[in-house]
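Engineer: Position 59 (the sequence shown) corresponds to 59 in full-length UniProt numbering; numbering is contiguous. We treat Cβ as the ideally placed atom computed from N, Cα and C, and that holds for glycine. Bear in mind that the values here come from a model prediction, so they are computed numbers and not experimental data. Sharing a structure here in structure tokens format.
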Amino acid sequence: MHARFEPLPAPSRSQDAQDTAKALRERPAEWAHIETLGNLNRATNLAYRIRTGRHSAFRPAGAFDATARLTGDGTASVYACYVSTTQQ
């Protein structure tokens with residue numbers, strides 16, 4: 001263990017998430033596969049964060065719908081859809 005003093009890096013947003021949200025907004029009411037995760041629990045958690053706007057790229061809350069599905073190989077896929085057509 002060691003102590004190395006340095007400034008904190010600037011916080012950054014996930015550009016992938018921003019790009020995904022933008023792509024979904026460009027095609028409202030169309031479902032898209034957006035992620036494959038190692039288990040259903042992680043996929044369900046991500047879908048919840050998208051639906052509720054807890055993931056900042058997918059705000060405001062309720063603007064996106066999302067769900068998780070198990071795949072044949074034991075992983076889980078996340079699907080999302082932009083449902084709001086109001087101006088933001």
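1) When we look at the beta-carbon of F58 and count the other beta-carbons within 10 Å, is it buried (16 or more) or exposed?
2) Excluding the 5 residues preceding and the 5 following H55 in the sequence, name in chain order all residues of the same chain whose CB lies nearer than 8 Å to its CB.
3) Rounded to a whole number of angstroms, what is the C-alpha to C-alpha distance between V83 and G72?
4) Run through the DSSP bridge pairs and tell me what S77 is partnered with.
5) Using DSSP with H/G/I as helix, E/B as strand and the rest coil, what is A10?
6) Determine the extent of the alpha helix (DSSP H) in which A20 is found, giving its start and end residues.
7) Between which residues of its own chain and Y79 is the CB-CB distance below 6 Å, once the five residues before and five after are set aside?
8) Evaluate A10 with the Cβ neighbour count: other Cβ atoms within 10 Å of its Cβ, from every protein chain shown; 16 or more gives buried, anything less gives exposed.
Structural biologist: Result, derived from the coordinates:
1) The C-beta of F58 has 16 or more other C-beta atoms within 10 Å across all chains shown, which makes the residue buried.
2) A17, L46 and R49
3) Looking at the two C-alpha atoms, the distance is approximately 28 Å.
4) Listed as beta-bridge partners of S77 by DSSP are T36 and R69.
5) coil
6) Before going further, note that residue 20 is Thr rather than Ala in the sequence given. Segment Q15 to E26, the alpha helix (DSSP H) holding T20.
7) W31, H33 and T67
8) exposed
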